[in-house]
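Student: One structure follows; several queries about it will come next.
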Amino acid sequence: MKTALILLLACLASSCLSAQRTCGVQTLPRFVPQHTASVSAREVAVLPVVVHIVWHQPEENISDTQVESQIEVLNQDFRALNVEVPDIHPLFDELAADVEIEFCLTAITRTQTPWEGVSNLFAQGKRRVCHTELGGRDAIDPAHYINIWVAGRSDGTLGSATFPEQAQDKPEEDGLFLRPDVFGTQGSTTPPFNLGRTCTHEMGHYLNLGHLWGSGADNFDCEQDDGLEDTPRQASTYRNTCPAVPPFSCGSADMFMNYMNYTDDACMALFTPGQKARVWGALMQFRSGLLQSSCAPVASAPSLNRTPPRLLGNPAKNVAHLQLSEKEKYEIAIFDAAGRLVLLTRHHGGGLLEIDLSGWAAGIYHIKIKHGAQLHLKKLIIAQ
Ligand code: ARG
Ligand code: ZN
Ligand code: CA
159 MKTALILLLA CLASSCLSAQ RTCGVQTLPR FVPQHTASVS AREVAVLPVV
209 VHIVWHQPEE NISDTQVESQ IEVLNQDFRA LNVEVPDIHP LFDELAADVE
259 IEFCLTAITR TQTPWEGVSN LFAQGKRRVC HTELGGRDAI DPAHYINIWV
309 AGRSDGTLGS ATFPEQAQDK PEEDGLFLRP DVFGTQGSTT PPFNLGRTCT
359 HEMGHYLNLG HLWGSGADNF DCEQDDGLED TPRQASTYRN TCPAVPPFSC
409 GSADMFMNYM NYTDDACMAL FTPGQKARVW GALMQFRSGL LQSSCAPVAS
459 APSLNRTPPR LLGNPAKNVA HLQLSEKEKY EIAIFDAAGR LVLLTRHHGG
509 GLLEIDLSGW AAGIYHIKIK HGAQLHLKKL IIAQ
């Protein structure tokens, strides 16, 4: 166990490319926007998520699309691909870190509950929403999947989450708790909580991040801190606000736009390098099971059992075929062994996509297929 941890850390410090298997961190090329011509290979962890919708009122039974919109937000925010990045105040714009974590949706479960506001109800010390026999839904393998319960609550809170250390003694209640009306960017969400940032914030807690103002209700004496150097100390929580310029408190300008503040969704914009390091530390020390896990749909959740893409005719010569069975949008990016983007295309599925390989050098290529919130990886070999 210790050796594994040291290996993991050593691996992180080095490039990880050659030691991929030992390391358990998946090596993925960065998924680039269409206009970018080339990219370099890098390591990114892809963490599997299961979403449990536990609904009382019918409108709490949110759509798959709304769930997928939340996964997209997480993927943008943890890769610094969110639209706010270019507008971050110059005092902090160098500090927007690519956390190099992505999320894949592996299951959606749906459960009707007799309990209104089930998310913050307890019975015999147990959180109802986490237990099927108490009117909620049992977690799925919390050591290997991030469980997110989307359910109503009546304590005025939008969301909450368990810290990594808390998870040790109650794994069956480990995860995130989000209200349906703040989950994702569509359907039942409304401003100022309609950009999915409550979940980004709670995922920060789940991965061991604290609030910038510390752990109290406020920090007007400036005594408290989140333990990180690159997040300035601040007095207030910035709840329900969106300042135009960073206000001053505790002797410096405040990073109000950090995800670990209470600023409105539209005003949140970044995690810092210090937060990234803390998150990766927690991943290695407490949540390493997530790194050994897969993005394949969880078998017990039939709603997500869509036919995965298949690569036909591999190793290939002049042509390869991708079988994209669902009549939905797919985004296909192909990278060569050096991580350079060689093809980026969109395709409406429902059959086979032919890829013309004439003129391509022999060797190994990586195909990244985006299908809704799902991410599929294939290795294409072009023979001599
Ligand atoms: N736990 C906090 C709450 O429920 C999360 C606040 C998130 N803020 C936001 N603008 N989305 O109040
Ligand atoms: Zn919080
Ligand atoms: Ca700090």
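Residue numbers (our numbering): 159 to 542.
The beta carbon of each residue, even a glycine, is placed where N, CA and C say it ideally should be.
Determine the burial state of I539: buried for a count of at least 16 other Cβ atoms within 10 Å of its Cβ, exposed for fewer.
Tutor: Translated into positions along the sequence shown, residue 539 becomes position 381. It is exposed - the Cβ of I539 has fewer than 16 other Cβ atoms within 10 Å.
Student: Looking at ligand 1, does it come within less than 7 Å of F414, judged from the CB to the closest heavy atom?
Tutor: For this step, residue 414 is matched to residue 256 along the sequence shown. It does not: the Cβ of F414 is nowhere closer than 7 Å to a heavy atom of ligand 1.
Student: In this structure, does DSSP put R188 in helix, strand or coil?
Tutor: Against the sequence shown, residue 188 aligns to sequence position 30. With a pLDDT of 37 at R188, under the threshold of 50, the modelled position of that residue is not reliable, and the figure given next carries that caveat. In this structure, R188 counts as coil in the three-state DSSP scheme.
Student: Identify which residue in G310, G521, S277 and A393 has its Cα closest to the Cα of N476.
Tutor: For this step, residue 476 is matched to residue 318 along the sequence shown. Comparing Cα-Cα distances from N476 to each of G310, G521, S277 and A393, the minimum goes to G521.
Student: Report the rounded CA-to-CA distance for H214 versus P272, giving the unit in angstroms.
Tutor: In the sequence shown, counting from the first residue as 1, residue 214 sits at position 56. In the sequence shown, counting from the first residue as 1, residue 272 sits at position 114. Approximately 6 Å between the Cα atoms of the pair.
Student: Does the separation of the CB atoms of P329 and A301 fall below 8 Å?
Tutor: Within the sequence shown, residue 329 is the residue found at index 171, counting from 1. Within the sequence shown, residue 301 is the residue found at index 143, counting from 1. Cβ atoms of P329 and A301: closer than 8 Å.
Student: Within its chain, find whatever has a CB closer than 6 Å to the CB of F341; leave out the 5 residues flanking it on each side and keep chain order.
Tutor: By 1-based counting over the sequence shown, the position of residue 341 is 183. Here the set comprises Q228 and V308.
Student: Starting from V204, trace the beta strand (DSSP E) in both directions and tell me its first and last residue.
Tutor: Residue numbering aside, residue 204 sits at position 46 when the sequence shown is read from its first letter. Per DSSP, V204 belongs to the beta strand (DSSP E) from A203 to W213.
Student: Three or more beta-carbon pairs under 8 Å between the stretch 277-293 and the stretch 450-458, yes or no?
Tutor: The stretch 277-293 vs the stretch 450-458: no contact.
Student: Apart from the five residues just before and just after E512, which ones in its own chain have a Cβ nearer than 7 Å to its Cβ?
Tutor: In the sequence shown, the residue the question calls residue 512 occupies position 354. Answer for E512: V477 and H479, listed in chain order.
Student: Just to check, is the beta-carbon of D514 closer than 7 Å to a non-hydrogen atom of ligand 3?
Tutor: Here residue 514 is taken as the residue at index 356 of the sequence shown, counted from 1. No, Cβ of D514 sits at least 7 Å from all heavy atoms of ligand 3.
Student: Taking a contact to mean a Cβ-Cβ separation below 8 Å, would you say T269 touches R295 in this structure?
Tutor: Within the sequence shown, the letter at position 111 stands for residue 269. Within the sequence shown, the letter at position 137 stands for residue 295. Their beta carbons are under 8 Å apart, which means T269 touches R295 by this criterion.
Student: Could you check the C-alpha separation between P134 and H505 for me, to the nearest Å?
Tutor: The structure shown does not extend to residue 134, since the chain spans only 159 to 542, so no value can be given for it.
Student: Comparing alpha-carbon positions, which option in G471, I306, Y523 and Q532 lies nearest E489?
Tutor: Residue numbering aside, residue 489 sits at position 331 when the sequence shown is read from its first letter. Of the listed residues, the one whose Cα sits closest to E489 is Q532.
Student: Identify every residue that forms a DSSP beta bridge with H479.
Tutor: Sequence index remark: in the sequence shown, residue 479 carries index 321 (1-based). Partner(s): L470 and E512.
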